[in-house]
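Report on the structure given below.
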Amino acid sequence: MTDPDKVENRYRGALHGATPGAQTQASSAGSAFSAVLSALTNEAWVSTTADTFSKDCTDMQTKAGTAGDDSVAEMTSRYSREPAKVDPSDYRATWY
Numbered sequence: 001m002t003d004p005d006k007v008e009n010r011y012r013g014a015l016h017g018a019t020p021g022a023q024t025q026a027s028s029a030g031s032a033f034s035a036v037l038s039a040l041t042n043e044a045w046v047s048t049t050a051d052t053f054s055k056d057c058t059d060m061q062t063k064a065g066t067a068g069d070d071s072v073a074e075m076t077s078r079y080s081r082e083p084a085k086v087d088p089s090d091y092r093a094t095w096y
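Numbered by full-length UniProt numbering, the letters in the sequence shown go through residues 1 to 96 in order.
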């Protein structure tokens, strides 16, 4: 099939359109525990249990941030690997 017979890769377009929202969500995930950690830093709760809770929240915040960043990186990578045009019968031509 020649290039003029090919159509827009709508899957690629969907990835491109979804990336800004994913970036926003990734940023939010990376700071999901900020309010709790700030309160604990300001001694809202002082005990060995609070120390353990704070460490766990810090670990979870790091993991959430990493997961968010990884998902955006995968979307960006996938977008860059997608062709701009595909055959009309390709599932990516009719992606919604």
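All C-beta atoms, glycine included, are put in the ideal place defined by N, C-alpha and C.
Owing to the predicted nature of the structure, the values given are computational and were not obtained by experimental measurement.
Same chain, Cβ closer than 7 Å to residue i, neighbours up to 5 away in sequence not counted
i, result
"residue 60", "33"
"residue 65", "29 and 30"
Cβ neighbour criterion (16 or more within 10 Å) applied to residue i
i, result
"residue 12", "buried"
"residue 46", "exposed"
DSSP beta-bridge partners of residue i
i, result
"residue 8", "85"
Integer Cβ distance of residue i from residue j, believed to fall under 8 Å
i, j, result
"residue 72", "residue 14", "The Cβ separation is near 15 Å, so there is no contact."
"residue 40", "residue 50", "6 Å"
"residue 68", "residue 26", "3 Å"
"residue 3", "residue 85", "6 Å"
Chain-order list of residues whose beta-carbon lies under 6 Å from that of residue i (same chain, five-residue window excluded)
i, result
"residue 82", "9 and 12"
Cβ-based neighbour list, residue i, same chain, cut-off 8 Å, excluding 5 preceding and 5 following
i, result
"residue 18", "75"
"residue 78", "15"
(message) Measuring CB atoms only, is the segment 5-19 touching the segment 76-93, in the sense that at least three cross pairs come out at less than 8 Å?
(response) Touching, yes, given that three or more Cβ pairs across the two stretches are closer than 8 Å.
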